[in-house]
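Working notes, structure below.
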Amino acid sequence: MRVRVGEVAALAAAAAMSAALAAPARGALPAPVRLGSWADTCSQCGGPFYFSRPRLAEAPGGAAIAEWPGALIVRRAGGSWQPLPEPSPEAPGPSLAVGPGASAVAAWSSAREVETAFLQIGHGGWSRTQAVADPRAEALDAAVDAHGNAALVWLDRVPGEPHEAVVRVCRHRAGANGWQAPVTLAGGPASPARRYVSFAGAPRLAFDGRGRLTVLWEETRRPAGKRGEWLIRSATSSAQGRWSAAASLARSSSRILYGPALAVDRRGDALATWIAGGAGAVMEASTWAARMPGWRAPVRVLRSENGFEQTPSDTRVSIADDGQTLVAASVFGGSGRAGIPVQAVLGSAVTGRWQKPVSVGVGTEATLAGDAQGDAILAWVEAKGGPAAGPPAEQLVAVARKPAHGRWGHVERLSPSGVRDFKPVVALGARGEQAIAIWLRRGGSVLAAQPR
430 MRVRVGEVAA
440 LAAAAAMSAA
450 LAAPARGALP
460 APVRLGSWAD
470 TCSQCGGPFY
480 FSRPRLAEAP
490 GGAAIAEWPG
500 ALIVRRAGGS
510 WQPLPEPSPE
520 APGPSLAVGP
530 GASAVAAWSS
540 AREVETAFLQ
550 IGHGGWSRTQ
560 AVADPRAEAL
570 DAAVDAHGNA
580 ALVWLDRVPG
590 EPHEAVVRVC
600 RHRAGANGWQ
610 APVTLAGGPA
620 SPARRYVSFA
630 GAPRLAFDGR
640 GRLTVLWEET
650 RRPAGKRGEW
660 LIRSATSSAQ
670 GRWSAAASLA
680 RSSSRILYGP
690 ALAVDRRGDA
700 LATWIAGGAG
710 AVMEASTWAA
720 RMPGWRAPVR
730 VLRSENGFEQ
740 TPSDTRVSIA
750 DDGQTLVAAS
760 VFGGSGRAGI
770 PVQAVLGSAV
780 TGRWQKPVSV
790 GVGTEATLAG
800 DAQGDAILAW
810 VEAKGGPAAG
820 PPAEQLVAVA
830 RKPAHGRWGH
840 VERLSPSGVR
850 DFKPVVALGA
860 RGEQAIAIWL
870 RRGGSVLAAQ
880 PR
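With the working numbering, the residue at position 272 of the sequence shown is 701, and numbering never jumps.
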């Protein structure tokens, strides 16, 4: 197995912070702990839109894995964070996923091919790397189910066609020696419609509790001599790997549909969202009830004057095992950064009904995590001071918690005054315990805290 220890200072700090984060999640709010460092190489750009978020994946039982360039840390269920070597020297920023059984998978694109490695958190290190696809693959997303089965989805650029790509997915059975052959779900030069898939909306996938897999992606069709159209599409497979025909959840010839997000619960209820861009942008959602299979007609759940902040690393949807759905985003209006509400809206995949949106805070970079019971945590960045056209004087990471079937609690600011923090990620353990927030700080530090 190819490994590297990573950044020595970062790994030493990750080991030292175990005791600092051992306090109960709902006790007194601890001061942020420095996990390590990241390469802050941009002295002019001002921060939050020029760097990727750390990556954080957590299983319902509390096992978790987090990564940022140069370091990787893991936490077994009920344990503390510990450093871990990266699975390969060619694996910067891998796609990470953790299943309910604490099985983790990492996937990355090397100079030669897409590679993967597996890990049973708390039981040794990474497996030997396994090749999956050729190096044209982009926008990888991974998932692991309760039995340790894994899946990958990605975009494969078509040789000689810079604007065309195909959506491909493959599965890995727990304990198997290799990945199954990839399945093409959409796109490619053989398509009669001459469609291509835009990289702007990375494909997403998720398992339910029975090993069934759902994939969601955006697609752009431009038949020769005709006006193009934008679509949000999905396909599902049985636990045995039999795929359905792709279904269109939405289509438009006047609005760009992009930024798909997906969540699936243990029963098979599902939530899909995307953004319909342009003037007066809206965030639309479709739900799938396990007892009545099929995607419902889209519903507009959030509206914005100037659009929604969205990047492939954002997480804005969650679903509980009773089908309760939650969507959150920073909603850009016309009042500058001081008037960007962080809004959240609750719904139900069982009934298809949605409540009215509520404003939880004010800021950018909103990101969300929820658990199987319906508990949720929402994080964002509050910007204060500084010139209107320049970087703010300070950027503070804030969070709010919501118990299952309850209201959002008060806002907790995890950052001290006077700093410039950004790119938060959050996760919840079993029943909302061991919540963790990780973020970056200008100057090169990686911070963490346990919101109460």
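By construction, the Cβ of each residue, glycine as well, lies at the ideal position given by its N, Cα and C atoms.
Boundaries cannot be given for F761, as no beta strand (DSSP E) includes it and DSSP labels it neither H nor E. Annotated three-state conformation of D751 is coil, per DSSP. Here DSSP, grouped into helix, strand and coil, assigns W868 to strand. In this structure, W659 lies near R684, with their beta-carbon atoms less than 9 angstroms apart.
In the three-state scheme derived from DSSP, where H, G and I count as helix and E and B as strand, W537 is classed as strand. Excluding five sequence positions before and after A535, the CB atoms of its chain that fall closer than 6 angstroms to its own CB belong to P516, P523, L525, A546, given in chain order. For K785, no beta strand (DSSP E) segment is defined, and its DSSP state is neither H nor E. Between the alpha carbons of L686 and V791 lies a gap of roughly 25 angstroms.
A493 sits buried, since 16 or more C-beta atoms from the chains shown fall within 10 Å of its C-beta.
With fewer than 16 other Cβ atoms inside 10 Å of its own Cβ, K785 counts as exposed. The alpha-carbon of L569 is positioned some 21 angstroms away from that of V503. For V561, DSSP assigns no beta-bridge partner whatsoever. Here A798 is buried, its C-beta having at least 16 other C-beta atoms within 10 Å. Counting along the chain, the unbroken beta strand (DSSP E) around P770 starts and ends at 770-777. Distance from the CA atom of V596 to the CA atom of P588, rounded to whole angstroms, is 14 angstroms. In the three-state DSSP reduction, A692 falls in the strand class (E or B). Cβ contact annotation for S846 (same chain, cutoff 8 angstroms, sequence separation greater than five): E823, L825, in chain order. Here DSSP, grouped into helix, strand and coil, assigns P722 to strand. In the three-state scheme derived from DSSP, where H, G and I count as helix and E and B as strand, R600 is classed as strand. Judged by DSSP secondary structure, S481 falls outside any beta strand (DSSP E); it is assigned neither H nor E. In the DSSP assignment, V840 falls outside any beta strand (DSSP E) and carries neither an H nor an E. Judged by DSSP in its simplified three-state form, E811 adopts strand.
Apart from the 5 residues on each side of it in sequence, G873 sits with its Cβ closer than 8 angstroms to the Cβ of S466, W467, A468, D469 in its chain, given in chain order.
Residue burial annotation: T780 is exposed, with fewer than 16 other C-beta atoms found within 10 angstroms of its C-beta.
Rounded to whole angstroms, the gap between the alpha carbons of V787 and R651 is 38 angstroms.
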